[in-house]
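Data first, discussion second: the structure below is written as structure tokens.
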Amino acid sequence: MSVAVYLVDDHRLFLSGVRAELSEDFRIVGAAYDVDTAIEEIRGYDPDVVLIDVHMPEGGGIAVVQGVAETNPDVKFLALSVSDQAEDVIAMIRAGARGYVTKTIEPEELADAIRRINAGDAVFSPRLAGFVLDAFAGAIPSEDDPELDQLTSREKDVLRLIARGFAYKQVARKLSISVKTVETHVSSVLRKLQLSNRHELARWASKRRIV
Amino acid sequence: MIAGVAGGIADSLGVRDGYVRASFLTLVTVWGLGGVLYLAFWLATLERVDDVEVEMVESRRAMGLGMAFIGLLLLMGALGMWPSAVLVLTAGALSFGTAAITDPSSPGPFATLMSPGVEKVSRVRLILGGLLLVGGIVMFATVVGQVFEFGIVFLAVFLTGLGILIAFGPWVRRLLADLGRERSERIRQEERAEVAAHLHDSVLQTLALIQRSDDPQRMAMLARHQETELRDWLYGNMPLDGVDRVSTALRQAAARIEEDFQIPVDVVTVGDHAVDDRSRAVVGAASEAMVNAAKHSGAERMSLYLEVTDDRLEVYVTDQGKGFDPDSVPGDRKGIRESIRSRMQRVGGSVDIESEPGEGTEILMGLPL
């Protein structure tokens, strides 16, 4: 059965465009223009993947992610936004989204990202990779969980290549590892980004008006 | 008024804050109980963030408050702590009367009383409040007159002053508030004019260009260029006067490439560095590399990546185009490559070119710091 996708975006024009692009490859179970409708319908439909806009009135995409986190923990979120400012990206990921792409993404790449998210992987756009490297730069691990607060050198290598515009397959070849290993590294970075409460990350975030 | 306690309690009870304030004032005469209570509420609510929704019936709430108040007085009477009844009554009549006739949202007590469209409730409230107030003033005058034996002239002046204060106080306060509102409105207008001016010069011009263009690729590029510029303006990536960071200089260089060659450049930066003679050379070299990729790679887009660490500045220009064999480059490409290389060498940096036919090209420009 094809992947059940739900769309949330307050720009109707954009929404209908995405819907048209994706309806061949996926089962679009519904769409919402506002936060409240989105939360209610996602709870009811329980889709596989939700494509969610970050900037919306009444709390934005984060409110939706948090609103269904307890009732539907298996729903996976892919954030999609016209703005790829650091604060938006990091706040969305820390709220629980498993990936972030910009609205300028090509339709095939978007379809690919949805499949990847559905398979449980993380989707890192070049910008997101850059922000993560920036956030974890100059790492001094905290006392409680040093492993969570630092990126391994391999993880940094993977992120750098993604930031330089390489696809996962090319990253794998350049580092002489399998695509699966690249995905494992990216998922691990995602976990660190969501769970780390490292000092620098918090400070970096607040410096950029997040938190 | 002091710490917002009365206002806070009024919000959560759903009554007008004037009544709550009046309760506190009246209770002050009971051995300062009102003051103590005020302080207690203030301390208890120091941390509170107020976001209470008020949808209660005001009169029922006010009645409850009044009953609690009277009950408290009776209780104290039963315990033998009866304060000076006249003092309590005077303070109560004065403060509750004032609270009843001063409604900040109404046009003023006299206008409210005269205009025909006013609700019956508010008219009754006004009359009762007025009676209370007059009674309170008379009682006050009596007490003061007995105790201090003031002359009747002084008393008259005092009462007139009090009356004027009560009648016009809210109006004066509203006037001041209006002035403040007007000022912030004017500031908003000025900001809006500034935004409008910027949008006119940038977005509107671009939209006009797009309408006149019938080349889809050109339209897409115009849109993308405008998007980048608008976002930089909105989020302050682009300083208004002069470029002093390498990341900003690279972004501008990439924007120029997008414009000149109609090819999107994805810019990602990690860390940053001030623009100086050496780093300016890197920006120049990166521009050359982007021109190179735009002209020869045949790729639909390219990436620009900047990473600055403590001891090193690196810029990658990457495309997924047709690539080439670096060992056997055609003459014209060699020229560009050398210009990149010589720029970097002059400032003590290095250039690495990684490319294979069919595999895209990546040019790394590194500078030790």
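Residue numbers (my numbering), protein chains in the order written: chain P, 1 to 211; chain S, 212 to 580. Heads up, the beta-carbon is just placed ideally off N, CA and C, and yes, glycines get one too. Quantities reported herein were computed from a predicted structural model and do not represent experimental measurements.
Check	Outcome
Ile564/S - containing beta strand (DSSP E), residue span	Ser561 to Ser566
Sequence-distant residues of the same chain with beta carbon closer than 8 Å to Pro568/S, five excluded per side	Lys533, Gly534, Phe535 and Asp536
Three-state secondary structure (DSSP) of Pro47/P	coil
Selection from His409/S, Arg456/S and Asp471/S that minimises the alpha carbon distance to Arg435/S	Asp471/S
Coarse secondary structure for Phe166/P, derived from DSSP in three states	coil
Three-state secondary structure assigned by DSSP to Phe369/S	helix
Cutoff 7 Å; reference Ser619/S; Cβ partners in own chain excluding five residues on either side	Since the first and last residues shown for chain S are 212 and 580, residue 619/S lies out of range.
Buried/exposed call for Ser153/P, threshold 16 Cβ in 10 Å	exposed
9 Å Cβ cutoff, Ser566/S in contact with chain P	no
Three-state class that DSSP yields for Arg19/P in the structure shown	helix
Cut-off 7 Å between Cβ atoms - residues of its own chain near Pro579/S, not counting five sequence neighbours on either side	Asp522, Arg523 and Gly559
Of the residues Ser125/P, Val171/P, Asp149/P and Arg127/P, the one placed nearest Phe136/P, counting alpha carbons only	Asp149/P
Exposure of Pro475/S, with buried meaning 16 or more beta-carbon neighbours within 10 Å	buried
Rounded C-alpha distance that separates Thr181/P from Ser187/P	10 Å
Contact with chain S by Arg164/P, beta-carbon distance below 9 Å	yes
Start and end residues, alpha helix (DSSP H) containing Gly30/P	First-last for Gly30/P: Arg27 to Ala32, but that is the beta strand (DSSP E), not the alpha helix (DSSP H).
Which of helix, strand or coil DSSP assigns to Leu558/S	Looking at the sequence itself, residue 558/S is Val, so the reference to Leu does not match. Three-state DSSP puts Val558/S in coil, outside helix and strand.
Tyr527/S to Arg557/S span [Cα, whole Å]	19 Å
Expected contact under 8 Å - CB spacing of Gly165/P and Val481/S to nearest Å	About 14 Å separates the two Cβ atoms, so there is no contact after all.
Rounded straight-line distance, which links the Cα of Val189/P to that of Leu151/P	7 Å
Burial state of Asp507/S (16 or more Cβ within 10 Å)	One detail in the question is off: residue 507/S reads as His in this sequence, not Asp. Buried is the call here.
Short CB-CB distance (under 9 Å) between Pro475/S and chain P	yes
Cβ pair count under 8 Å reaching 3, the segment 456-470 of chain S against the segment 415-426 of chain S	no
Same chain, Cβ closer than 6 Å to Leu420/S, neighbours up to 5 away in sequence not counted	Leu433
Reference Asp483/S, options Arg456/S, Val335/S and Gly577/S, closest by Cα	Arg456/S
Residue-level contact to chain S via CB, Asp25/P, 9 Å cutoff	no
Run of the beta strand (DSSP E) containing Arg186/P, from where it starts to where it stops	In the sequence as displayed, the identity of residue 186/P is Val instead of Arg. Per DSSP, Val186/P belongs to no beta strand (DSSP E); it is in the alpha helix (DSSP H), Val179 to Leu195.
Ala20/P classed as buried or exposed, judged by whether at least 16 other C-beta atoms fall within 10 angstroms	exposed
For Glu70/P, the three-state DSSP class (helix, strand or coil)	coil
Paired residues, beta bridge with Ala505/S - DSSP	Per DSSP, none; premise fails for Ala505/S.
Separation of Leu300/S from Met92/P, as counted between CA atoms	60 Å
Test: Gln437/S CB closer than 9 Å to a CB of chain P	no
Alpha-carbon spacing of Leu13/P relative to Ala32/P, whole angstroms	12 Å
For Ser230/P, the three-state DSSP class (helix, strand or coil)	Outside the shown range of chain P, which is 1 to 211, sits residue 230/P, and nothing can be said about it.
Of the residues Ala4/P, Glu70/P and Val8/P, the one placed nearest Asp256/P, counting alpha carbons only	Outside the displayed range of chain P (1 to 211) lies residue 256/P, so it cannot be described from this structure.
Neighbour flag for Thr480/S against chain P, beta carbons, 9 Å	yes
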